[in-house]
Each structure stands twice: as structure tokens, then as C-alpha cells.
Amino acid sequence: MKKLLNSAALLVALLLLLQPARAQQASDDDELGGASALVRRVGSLDEVRQLLATPGTRNQAMLVQQGNANRLTVDQQALTGSASNLVQLEQIGDYNLLNVQQQGSGLEQRVVQQGNGNEVASRMRGSEVESVISQSGNANRVQQDLNVNQRTYVIEQTGGRNELIQRENSQGTPVGYEVRMTGNMRVVIEHGP
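All letters in the sequence shown, in the order written, are residues -23 to -1, 1 to 170 by mature numbering (1 follows the signal peptide of the UniProt record, and there is no 0).
What follows is the structure, encoded as C-alpha cells:
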């Protein structure tokens, strides 16, 4: 009987020891589930390569950051010919900072930030420019400086206490852009030299 009790006690102790491991395993699976969801949203690497393999594109980048207080700087320069720059960036978290500089012809940037206290600083120089910046959250900031021709851009901010500062010196192109903002905000848009 004593042997049976010892065996039962050993079995109970073993089960108790294994219980935290199961809980830890579940949280690891949850994290993988989040990462898997992100991969499904972004697409497979082959799909991304196909998207980025645009003919004539010289500089290409696609970056995704998750977490808080990330810092990301992208500097793309294509000074000769009609080679283009393409950048697609996504930051998910709070207090992230993104600095993008592009120069050349056929510039394209797509930026998504989700969280609070995030900031985008963008500077584009060249022609045939397309810029799409989307922020969701509170106390976010976009500062964009454009010296371009033939441009299209969209800025979207949702949340409260957001700020947009847009400076543009476009020559030979009619002034036009799309800005969508909800919540209380500060907006500064300047055109001209």
C-alpha cells in the first residue's frame, strides 16, 4: 500500500511539474499564432518577391516591425536613369519612429503604423512619386517634405491628438492630394519654395 501511495504521489508531483510547461507551451503557441497571422496578412515570400520585382526597380525594401520603441531608417538613392525606389514599411506597437528618405524617379512608399506615439518623417526628392502613409492610434505624427514632380499621395490618420506637417515644393504639377483625419489634430500644409 505504501508503494502504491508513493507511486501515486510521484505521479501527482509529475503532473504538477508538467502543468506549468503546458501553460508556457500555450503562450508560445499564441505568439506563433500572432506571427502566423502577420505572415498570412503580408503574404508568402514568393508573393512579396513578385510584388517587389517590378521591372526597372533598382531599390526595393519591405520591412515589418512589431513591438514598442522601434527605430527604422530607410535611405534610397537612385540618381541616374529612370530606376525607381520602392519601400513598403509596417510598424505595429507604440512609440515607433520611422525616417524615410528617397531620391530618384518613380519613387513609391507605403507606410502603415498602428499604435500610439508613433512618428513618420518622410523626405522625397524626384519625379513620379507615390506616397501612402496610414497611422491609427493617438498622439501620432507625420512630417513629410516633398520636392517632386508628378506626384500622388494619401495621408490617413485616425485617433486623437495626431499631428500632420506637410511641406511641398512641386513644380509643373497641379496641387492635389488626399488627407483623411479623424479625431482632434494639428494640421500644417505648406506649398511653394
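Glycine is no exception: its CB is placed at the ideal position from the N, C-alpha and C atoms.
Quick one, are the C-beta atoms of residue i and residue j less than 7 Å apart?
i	j	result
V156	I132	yes
L84	G103	yes
S108	Y130	yes
V51	V77	yes
V97	V125	no
Q37	L63	yes
N47	D71	no
Should residue i go down as buried or exposed, given a rule of 16 or more other Cβ atoms within 10 Å for buried?
i	result
Q1	Here Q1 scores only 33 on pLDDT, less than 50, and its place in the model should not be relied on; the value that follows carries that caveat. When all chains shown are included, Q1 counts as exposed.
Q65	buried
V165	exposed
N139	buried
E145	buried
N161	exposed
T159	exposed
E167	exposed
G136	buried
G114	buried
L123	buried
G92	buried
L40	exposed
G11	Because the pLDDT at G11 is just 42, under 50, the model does not fix this residue reliably, and the point stays unresolved.
R163	exposed
Between which two residues does the beta strand (DSSP E) harbouring residue i extend?
i	result
N139	139 to 145
A98	96 to 113
N62	61 to 69
Y130	118 to 135
G81	74 to 82
Under 8 Å by Cβ, that's how I've got residue i and residue j pegged, so tell me the actual separation to the nearest angstrom.
i	j	result
A55	Q80	7 Å
Q143	Q121	5 Å
Q68	N95	7 Å
S82	S99	About 17 Å; that fails the 8 Å criterion.
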